[in-house]
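Numbering (the working numbering), first residue to last: 336 to 434. Cβ atoms here follow ideal geometry from the backbone N, Cα and C, with glycine treated the same way. In this text, all values refer to a predicted model and were calculated from it rather than measured experimentally. Below is one structure; the comments refer to it alone.
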Amino acid sequence: MYDIIVVGGGPAGLAAGYFLAKAGVAATVFEKRGQLGGIVRHVIPAFRVSTAAIENDIALVKALGVRFETGVEISSAKELFDQGFTHVIFANGAWKPGV
336 MYDIIVVGGG PAGLAAGYFL AKAGVAATVF EKRGQLGGIV RHVIPAFRVS
386 TAAIENDIAL VKALGVRFET GVEISSAKEL FDQGFTHVIF ANGAWKPGV
C-alpha cells in the first residue's frame, strides 16, 4: 500500500483525505499554515461556520487514520517525487480571487 500525499488542509484537502481513507488508502495531508481548515477557518467568520464545526470535521478525518503535518510548505510535485512519493493531490485552495 502506498501513501497518497494531499497538499492543502482546507476543505478540499480534508475531503480528499476523508474519501481516500474511506476507500482504504493511506493519506497524509500537508498544510503550510499552523492550523487545518483553510478558507473556512481563516476567512469565513466564526458566526457563519463555528470553530467547533471545523474541529469536528478534522477529528472525523483523523479518526479514519489520515495523518496531518502542519507548518509544511510544499512548492512543487517534484519536491515530493524526489522524496519517493508517487501519488500527490494538490488541494491548495482559493486564496486568490478568480478571473
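Going straight from the alpha carbon of glycine 419 to that of phenylalanine 382, what length do you get? Roughly 42 angstroms between the two C-alpha positions.
Buried/exposed call for phenylalanine 365, threshold 16 Cβ in 10 Å: So phenylalanine 365 ends up on the buried side.
Taking 8 angstroms as the cut-off, decide whether the C-beta atoms of glycine 400 and glycine 343 are in contact. No; because the gap between Cβ atoms is not below 8 angstroms, this pair is not in contact.
Measure the Cβ-Cβ separation of phenylalanine 371 and threonine 405 and say whether it is below 8 angstroms. For the sequence presented, residue 371 should be read as leucine rather than phenylalanine. In contact: leucine 371 and threonine 405 (Cβ atoms closer than 8 angstroms).
Checking the sheet assignment: what are the DSSP bridge partners for glutamate 404? DSSP, once it has assigned bridges, lists Phe365 as partnering glutamate 404.
Within 10 Å of its beta-carbon, does glycine 345 have 16 or more other beta-carbons around it, so buried, or fewer, so exposed? It is buried - the Cβ of glycine 345 has at least 16 other Cβ atoms within 10 Å.
What is the rounded straight-line gap between the Cα of alanine 387 and the Cα of tyrosine 353? Rounded to the nearest whole angstrom, the CA to CA distance from alanine 387 to tyrosine 353 is 18 angstroms.
Return the bridge partner residues of aspartate 338 from the DSSP annotation. Bridge partners of aspartate 338: Ala361.
Beta-carbon contacts of isoleucine 389 that lie in its chain and below 7 angstroms, excluding the five residues immediately before and after: Gly372, Val375, Arg376.
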